[in-house]
Ligand code: SAM
Ligand code: SF4
Ligand code: SF4
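In this note's numbering, the protein residues as written are 4 to 351.
Structure, rendered in structure tokens:
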């Protein structure tokens, strides 16, 4: 059956693809740079991402025109939401120009995940370019803990200034992401919940994941979503809330006194592969069907090799139709050691 929602591409099938587990393609994460001004210990540990680390060269990155073309074609395949990420997306020069190009694609919900370090300077321009909202990552309110995690001595206050700038610019609602690693920042769970509840931003706790193969992940370091909810609930009682839509990765919990909500992303302890409708494009234009993939599909070669829109759409549709990924459901200590792509490269 033709799908009326789709903006058809001449010569390509006007049907939204489903994968081998019956999942439609709905959202896309695009990594715009593999570089970052932080060295979070769980993502880009300094021992690996040191001064001699070879980041991608400029000519290897997808251009803004290439990214916008892909986004338009993905929208034609049923993608409704695009999230820009990285590395740190705001270190990519003139990102506002890309935002403007993507914001012009009809029906696309556009957002961005950032470490917040450059938001004070950039929030207003991002908003002017057409960005609607942002997610800001912040792992603690305690400077000593936060600096130990970002490993570049970046103070909490500057991220909070960035969050305020985003709110002032109207980039709302603002979501805050906190990755929890046992023994490192789990004492920050309750203070973070209290702080952001008072400010009306939605805090989402993310279980520490075995992405990439450089962060030395161990199951013992994971604080489960359940434990997080229990710890907060003991001081500020919580009750479950319904998901906003099918496939929402964060499980929602509401404060019983009506004081807002939190989210928990239980990617390790309660896999949500069943509802995973997401594809990822890396900085150099490789397409991945899973965050834990070990190999991608080269879209850049198609883009630069003169492929037509219809050919690219057909290729993406074929890749999605053949997809059977469900890594989180089958994770074991052995799979955690696989040579998976790095989070900073694929963008989370
Ligand atoms: N630099 C931006 C930032 O930090 O928000 C965007 C890219 S970052 C890779 C995207 C998200 O992935 C961040 O919220 C980050 O905390 C999260 N992340 C990185 N490594 C992770 C890990 N090992 N487990 C869980 N989340 C992780
Ligand atoms: Fe950079 Fe984000 Fe990874 Fe931290 S989580 S190192 S800010 S890309
Ligand atoms: Fe989706 Fe792969 Fe994560 Fe499962 S493990 S939710 S398939 S990205």
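No residue lacks a Cβ here, since even glycine has one placed at the ideal position from N, Cα and C.
Computed from a prediction, not measured in an experiment: that's the story for all the values here.
Cross-strand partners of residue i (DSSP beta bridge)
i           : result
residue 266 : 207, 255
residue 300 : 290
residue 281 : 30
C-beta neighbour in chain B for residue i, strict 8 angstroms
i           : result
residue 346 : No chain B is present in this structure, which holds just one protein chain.
Candidates the options: closest to residue i by CA position
i           : options            : result
residue 179 : 119, 316, 236, 128 : 119
residue 184 : 297, 110, 230      : 230
residue 43  : 330, 117, 194      : 117
residue 233 : 21, 196, 161       : 196
residue 99  : 31, 85, 133        : 133
residue 12  : 272, 235, 315      : 315
residue 22  : 54, 276, 207       : 276
residue 105 : 143, 148, 84       : 84
residue 279 : 33, 167, 199, 329  : 329
residue 204 : 288, 68, 257       : 257
residue 139 : 121, 72, 77        : 121
residue 52  : 64, 62, 38, 266    : 38
residue 225 : 241, 237, 269, 293 : 269
residue 79  : 127, 146, 108      : 108
residue 130 : 146, 244, 170, 110 : 170
residue 66  : 27, 101, 311       : 101
residue 34  : 313, 20, 308, 287  : 287
residue 271 : 228, 31, 19, 145   : 228
residue 312 : 30, 75, 61, 20     : 75
residue 128 : 200, 93, 31        : 93
Under the three-state DSSP convention, the category residue i falls into
i           : result
residue 242 : strand
residue 54  : coil
residue 140 : strand
residue 347 : helix
residue 135 : coil
residue 97  : coil
residue 247 : coil
residue 181 : strand
residue 226 : coil
residue 310 : coil
residue 176 : coil
residue 323 : helix
residue 4   : Because the pLDDT at residue 4 is just 45, under 50, the model does not fix this residue reliably, and the point stays unresolved.
residue 273 : coil
residue 146 : helix
residue 165 : helix
residue 195 : helix
residue 317 : helix
residue 340 : helix
residue 188 : coil
residue 152 : helix
residue 329 : coil
residue 200 : helix
residue 2   : What is shown of the chain runs 4 to 351, which leaves residue 2 out entirely.
residue 234 : helix
residue 159 : helix
Classification of residue i by the beta-carbon crowding that lies within 10 angstroms, buried from 16 upward
i           : result
residue 210 : buried
residue 347 : buried
residue 7   : Summary for residue 7: the model assigns pLDDT 48, below 50, so the residue's position carries little reliability, and this model does not support an answer.
residue 96  : exposed
residue 324 : exposed
residue 155 : exposed
residue 45  : buried
residue 50  : exposed
residue 327 : exposed
residue 4   : Annotation note: pLDDT 45 at residue 4 (below 50); position unreliable, coordinate value reported separately. By the neighbour-count rule (16 or more Cβ atoms within 10 Å), residue 4 is not buried but exposed.
residue 166 : buried
residue 55  : exposed
residue 291 : buried
residue 247 : exposed
residue 206 : buried
residue 333 : exposed
residue 238 : exposed
residue 320 : buried
residue 261 : exposed
residue 338 : exposed
residue 297 : exposed
residue 340 : exposed
residue 240 : exposed
**Q.** Entirely enclosed alpha helix (DSSP H) segments - the stretch 10-93, minimum 4 residues
**A.** Counting only runs of 4 or more, we get 67-79.
Q | Segments assigned beta strand (DSSP E), at least 3 residues, entirely inside the stretch 104-133 | A | Whole beta strand (DSSP E) segments, 3+ residues: 112-117.
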